[in-house]
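Heads up, the sequence shown is in our numbering, so the first residue is 10 and it goes up one at a time.
Backbone N, C-alpha and C define an ideal beta-carbon position, used for all residues, glycine too.
What follows is a short report on a single structure.
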Amino acid sequence: MVFRQDWNASTHRDLISKAIQELQFEEIVSLNVTASGYTLDLDSGVSYRFQGRFGAWGNILIQSSTIAKYVDGEKQSGLDAVAFLKDVQSACQIHDDLLAEYIEEARQTLMADYLLRQHQDQESLDELLSLDFIQLEQRLTGHPKLIMNKGRLGWGIDDINQYAPECQGRFRLRFLAVHPDICLFGIEQNLFYEEILADVLGESEFRSVLEQLTGPFSEYRLVGVHPWQWQRYIATQFMDDLCHQQIIDLGERGPIMTPQSSIRTLSEATGTGQYDIKVALSILNTSCVRGIPQKYIEVGPKISTFVDSVVKNDPFLQEVRVLKEVASIAVPHDGYQDIKDASYRYKELLGCVWRESVASKIAEDETAIPVSALLHLHKGESYFKALVQDSGMTVTAWVKCYFEKVVLPLYHLQVRHGLGLVAHGQNTILVLKRHCPAGLIIKDFHGDLRASTSSPHLPEIQSLGLDQLPPEHLIHDLVTGHLASVLRYFSALCQDHLGLLESDFYQILKSRVETYHAQFGAPQQTSLSLLRPTFEKVLVNKVRFHAGYKETGVRLKPMLGTLINNPIMKQQEVLHVHL
Numbered sequence: 010m011v012f013r014q015d016w017n018a019s020t021h022r023d024l025i026s027k028a029i030q031e032l033q034f035e036e037i038v039s040l041n042v043t044a045s046g047y048t049l050d051l052d053s054g055v056s057y058r059f060q061g062r063f064g065a066w067g068n069i070l071i072q073s074s075t076i077a078k079y080v081d082g083e084k085q086s087g088l089d090a091v092a093f094l095k096d097v098q099s100a101c102q103i104h105d106d107l108l109a110e111y112i113e114e115a116r117q118t119l120m121a122d123y124l125l126r127q128h129q130d131q132e133s134l135d136e137l138l139s140l141d142f143i144q145l146e147q148r149l150t151g152h153p154k155l156i157m158n159k160g161r162l163g164w165g166i167d168d169i170n171q172y173a174p175e176c177q178g179r180f181r182l183r184f185l186a187v188h189p190d191i192c193l194f195g196i197e198q199n200l201f202y203e204e205i206l207a208d209v210l211g212e213s214e215f216r217s218v219l220e221q222l223t224g225p226f227s228e229y230r231l232v233g234v235h236p237w238q239w240q241r242y243i244a245t246q247f248m249d250d251l252c253h254q255q256i257i258d259l260g261e262r263g264p265i266m267t268p269q270s271s272i273r274t275l276s277e278a279t280g281t282g283q284y285d286i287k288v289a290l291s292i293l294n295t296s297c298v299r300g301i302p303q304k305y306i307e308v309g310p311k312i313s314t315f316v317d318s319v320v321k322n323d324p325f326l327q328e329v330r331v332l333k334e335v336a337s338i339a340v341p342h343d344g345y346q347d348i349k350d351a352s353y354r355y356k357e358l359l360g361c362v363w364r365e366s367v368a369s370k371i372a373e374d375e376t377a378i379p380v381s382a383l384l385h386l387h388k389g390e391s392y393f394k395a396l397v398q399d400s401g402m403t404v405t406a407w408v409k410c411y412f413e414k415v416v417l418p419l420y421h422l423q424v425r426h427g428l429g430l431v432a433h434g435q436n437t438i439l440v441l442k443r444h445c446p447a448g449l450i451i452k453d454f455h456g457d458l459r460a461s462t463s464s465p466h467l468p469e470i471q472s473l474g475l476d477q478l479p480p481e482h483l484i485h486d487l488v489t490g491h492l493a494s495v496l497r498y499f500s501a502l503c504q505d506h507l508g509l510l511e512s513d514f515y516q517i518l519k520s521r522v523e524t525y526h527a528q529f530g531a532p533q534q535t536s537l538s539l540l541r542p543t544f545e546k547v548l549v550n551k552v553r554f555h556a557g558y559k560e561t562g563v564r565l566k567p568m569l570g571t572l573i574n575n576p577i578m579k580q581q582e583v584l585h586v587h588l
């Protein structure tokens, strides 16, 4: 690992910039306008001054290179993200214990960002354009809304180097054979678990596994386990089951795996595997501990098949592809399962979900990128700008095509089928042909798919046990998940790097939605329409300040702020200082 002061300084500066932007958006801090830009004035006499502009969502967009700290009017040398967190402690209304934990998460995030910067220094933007889906995702900076988006609390530097996506870790899974009586299991109809494992392990290694078993394969379920999870939790917490041969340790085997940005979803490092695997990884990352919930284990494959059927039987969704979760398994722990209010961490320790890979869904003349890649800056240069240039399209035409291939299908799933996905930049995958939008891949239905109480598919939804919401609540999976978590940043980037004004960006989207309504009819309830005048604002960082790090029996729920004026429905007059 190389230690460089300039890389370290830039990671601190960028984190402070992001923090001010998100704290302002979540109404935790207020800014003052000055003759030269903006200032964040704090009660302690500390202020942060910078240039930027207000965006279409009422959010400040900061030119990070202009940020300077002042104390009692005197400019300070350098910027320190930890000092910034101490400066805003009172504004965030967090006590000392929580501040210390938040600083620990900040330090973890800064280390990950530093490592990304180190790798970024070795590559050109053109090289990024040639990467496959997994390689590209490993170079992205993470969730744009969450200030501390790579906390990985529980990992040290050796774990980060070995298992983190920014280090492009390479390792093998550990496999355990589990007796069916102590696990939950689900598999896609007409598919055999042996087929999946033989495909992943290869025929010879699969035969080697069979030789290690004390009975026929039908008497076991094989679980893929992250090596960190094995050494930290499974070997100790499931020792009784191992000693009683209810669980048989088969050792590390199979192909070399590498992590996606979610850290617990792993792909074959070759990029050609037919299946990815989501494994339990009991560390706190972003908003929750990343275990494998038991709720949808047995019906997960059926849910995927249901979504796939809906998509394939709707002509409007012909360019949407589904990454089906073909098999899933979870092993409840007897010691924790009946402790009602125990942290959910202890009920999600051991399990895995096998999911179709991106590589299995694209043709030879296609590529796929995470939608979050559109927001990526490489040494200050826009990945999206390079993509548009290589496509031969104008930015206006490219954005229009994106709306048609991504936003309208997601909207159609909502208003015509009553199905809502948490459609953030990792769950939505853009298919490209010659760098032009050609289709959408959706994934992550294991708890991230919800249904409307007025869905035309209610019998199937109820039989699958999917969570149901009033349609006016379900629409937030699109508004919050995609518009506020992707388009809020994408439209700003289009203006600042490609010259497409945010107001024009949203007018293009409005035109596409109006065309859709002309074809299918507008929703009867205004609250279900993307053309409604306002949206609820969901707060994700404030939740941490409010709830702290104490683990409970359920995951944290977002909070709501004041209503946002819908940028699609207004001609944006942007007050700004030019970047």
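With H, G and I counted as helix, E and B as strand and the rest as coil, what does DSSP make of Gln177? Here residue 177 corresponds to residue number 168 of the sequence shown, with the count starting at 1. In this structure, Gln177 counts as coil in the three-state DSSP scheme.
Whole-angstrom C-beta distance between Pro268 and Glu357, which should lie under 8 Å: To locate residue 357, count along the sequence shown from 1; it is residue 348. To locate residue 268, count along the sequence shown from 1; it is residue 259. At roughly 18 Å, the Cβ-Cβ gap does not stay under 8 Å, so Glu357 and Pro268 are not in contact.
Using the rule of at least 16 other Cβ atoms within 10 Å of the residue's Cβ for burial, across every protein chain shown, is Glu220 buried or exposed? Here residue 220 refers to the residue found at position 211 when the sequence shown is read from its first residue. Result: exposed.
Just verifying my parser: in three-state terms, what is the DSSP assignment at Lys154? Numbered from its first residue, the sequence shown carries residue 154 at position 145. Coil, per DSSP.
Relative to the alpha-carbon of Lys370, which residue among Ile451, Ser45, Gly429, Lys409 has its alpha-carbon at the smallest distance? In the sequence shown, residue 370 corresponds to position 361, counting from 1. Measuring from the Cα of Lys370, the nearest candidate turns out to be Ile451.
Which of the three DSSP states is assigned to His444 in this structure? Numbered from 1 along the sequence shown, position 435 holds the residue referred to as residue 444. The answer is coil: DSSP assigns His444 none of H, G, I, E or B.
What is the DSSP secondary structure of Asn550, reduced to helix, strand or coil? In the sequence shown, counting from the first residue as 1, residue 550 sits at position 541. Helix.
Run through DSSP, which three-state label would Val583 get? Sequence index remark: in the sequence shown, residue 583 carries index 574 (1-based). Low confidence applies to Val583: its pLDDT is 40, below 50, so where it sits in the model is not reliable, and the reading given next is rough at best. Coil.
Pull up the distance between the alpha-carbon of Gly280 and that of Ile196, whole angstroms please. In the sequence shown, the residue the question calls residue 280 occupies position 271. In the sequence shown, the residue the question calls residue 196 occupies position 187. Distance between the alpha carbons of Gly280 and Ile196 is about 24 Å.
What is the DSSP secondary structure of His455, reduced to helix, strand or coil? Here residue 455 corresponds to residue number 446 of the sequence shown, with the count starting at 1. Of the three classes helix, strand and coil, the one that applies to His455 here is coil, per DSSP.
For the putative contact between Gly562 and Lys349, defined by C-beta atoms under 8 Å, what is the C-beta separation to the nearest angstrom? Residue 562 sits at position 553 when you count from the first residue of the sequence shown. Residue 349 sits at position 340 when you count from the first residue of the sequence shown. That pair is a contact at about 7 Å.
Check whether the Cβ atoms of Ile338 and Gln255 lie closer than 8 Å to each other. Within the sequence shown, residue 338 is the residue found at index 329, counting from 1. Within the sequence shown, residue 255 is the residue found at index 246, counting from 1. No, the pair does not count as a contact, with Cβ atoms beyond the cut-off.
By DSSP, does Trp590 sit in helix, in strand, or in coil? The structure shown does not extend to residue 590, since the chain is modelled only from 10 through 588, so no value can be given for it.
Tell me whether Trp16 sits in a helix, a strand or coil according to DSSP, three-state version. Your numbering for residue 16 matches position 7 in the sequence shown. In this structure, Trp16 counts as helix in the three-state DSSP scheme.
With DSSP as the reference, label Leu359 as helix, strand or coil. Stepping through the sequence shown from its first residue, residue 359 is reached at position 350. Correct three-state label for Leu359: coil.
Can you pull the DSSP bridge partners for Phe184? Counted from its first residue, the sequence shown places residue 184 at position 175. Bridge partners of Phe184: Gly233.
When the Cα atoms are used, what is the spatial distance from Leu492 to Gly282? Residue mapping note: residue 492 aligns to position 483 of the sequence shown, counting from 1. Residue mapping note: residue 282 aligns to position 273 of the sequence shown, counting from 1. Approximately 32 Å between the Cα atoms of the pair.
Alpha helix (DSSP H) containing Val408: first to last residue? Within the sequence shown, residue 408 is the residue found at index 399, counting from 1. Where Val408 is concerned, the enclosing alpha helix (DSSP H) stretches over 404 to 411.
Residue burial classification, Val288 (beta-carbon count within 10 angstroms, cutoff 16): Here residue 288 refers to the residue found at position 279 of the sequence shown. With 16 or more Cβ atoms within 10 Å of its Cβ, Val288 is classed as buried.
Going straight from the alpha carbon of Ser276 to that of Leu145, what length do you get? Start at 1 with the first residue of the sequence shown, and residue 276 comes out as number 267. Start at 1 with the first residue of the sequence shown, and residue 145 comes out as number 136. Approximately 13 Å, taken between the alpha carbons.
Give the secondary structure of Leu588 by DSSP, where H, G and I count as helix, E and B as strand, and everything else as coil. As a first step, residue 588 must be located in the sequence shown, where it is residue number 579. Only weak support exists for where Leu588 lies, its pLDDT of 32 falling under 50; the coordinates are left without a value.
In its own chain, which residues sit with a C-beta less than 6 Å from the C-beta of Arg364, not counting the 5 before and 5 after it? Walking along the sequence shown from the start, residue 364 turns up at place 355. Once the five neighbours on either side are set aside, the close Cβ partners of Arg364 are Asp285, Leu332, Glu334.
Please give the ranges of any alpha helix (DSSP H) in the region 511 to 551, keeping only runs that are unbroken, at least 4 residues long and fully inside the region. 511 to 529
Let's test the definition: count the other Cβ atoms within 10 Å of the Cβ of Met10 and tell me whether it reaches 16, buried, or not, exposed. Within the sequence shown, the letter at position 1 stands for residue 10. Exposed is the call here.
Less than 8 Å between the CB atoms is what I'm expecting for Arg354 and Gly300, so what's the real figure, rounded? What you label residue 354 is simply residue 345 of the sequence shown in a count that begins at 1. What you label residue 300 is simply residue 291 of the sequence shown in a count that begins at 1. With 8 Å as the limit, Arg354 and Gly300 qualify as a contact, their Cβ atoms being about 6 Å apart.
Nearest-angstrom beta carbon gap, Pro480 and Ser461 [assumed within contact, 8 Å]: Here the question's residue 461 lines up with position 452 in the sequence shown. Here the question's residue 480 lines up with position 471 in the sequence shown. Going by Cβ atoms, the distance from Ser461 to Pro480 rounds to 4 Å, so yes, they are a contact pair.
Among Leu70, Trp66, Phe93, nearest to Tyr79 - alpha-carbon criterion: By 1-based counting over the sequence shown, the position of residue 79 is 70. Minimum Cα distance to Tyr79 is reached at Phe93.
Figure out for me which residue from Val298, Ala186, Thr403, Gly165 has the closest Cα to the Cα of Leu259. Position 250 of the sequence shown, counted from the start, is the residue given in the question as residue 259. Measuring from the Cα of Leu259, the nearest candidate turns out to be Ala186.
Straight-line Cα distance separating Glu469 from Ile484: For the purposes of this step, residue 484 is taken as residue 475 along the sequence shown, with counting starting at 1. For the purposes of this step, residue 469 is taken as residue 460 along the sequence shown, with counting starting at 1. Between Ile484 and Glu469, the C-alpha separation is close to 20 Å.
Out of Ser464, Ser213, Met248, point me to the one whose CA is closest to Gly344's CA. The residue labelled residue 344 in the question sits at position 335 within the sequence shown. That would be Met248, whose Cα lies nearest to the Cα of Gly344.
Can you give the Cα-Cα distance for Tyr172 and Ile272, rounded to whole angstroms? The residue you call residue 172 lines up with position 163 of the sequence shown. The residue you call residue 272 lines up with position 263 of the sequence shown. Near 8 Å, if we compare the C-alpha coordinates of Ile272 and Tyr172.
Using a Cβ-Cβ cut-off of 7 Å (strictly less than) and excluding sequence neighbours within five positions of Gly570, which residues of its own chain qualify? Here residue 570 refers to the residue found at position 561 when the sequence shown is read from its first residue. So the qualifying residues of the chain are Glu35, Glu36, Lys546, Leu548.
Only counting the same chain, and skipping five residues up and downstream in sequence, which positions put a Cβ closer than 7 Å to that of Lys409? By 1-based counting over the sequence shown, the position of residue 409 is 400. Excluding positions up to five away in sequence, the list reads Ile517, Arg521.
I need the straight-line Cα distance from Phe393 to Asp23, nearest angstrom please. As a working mapping, residue 393 is identified with position 384 in the sequence shown. As a working mapping, residue 23 is identified with position 14 in the sequence shown. Distance between the alpha carbons of Phe393 and Asp23: 20 Å.
Can you list, in chain order, the residues of its chain whose CB lies under 6 Å from that of Gln504, leaving out five sequence neighbours each side? Reading the sequence shown from its first residue, position 495 is the one you call residue 504. Hits under 6 Å: Leu510, Glu511.
Range of the contiguous beta strand (DSSP E) that encloses Tyr284: Within the sequence shown, residue 284 is the residue found at index 275, counting from 1. Per DSSP, Tyr284 belongs to the beta strand (DSSP E) from 284 to 288.
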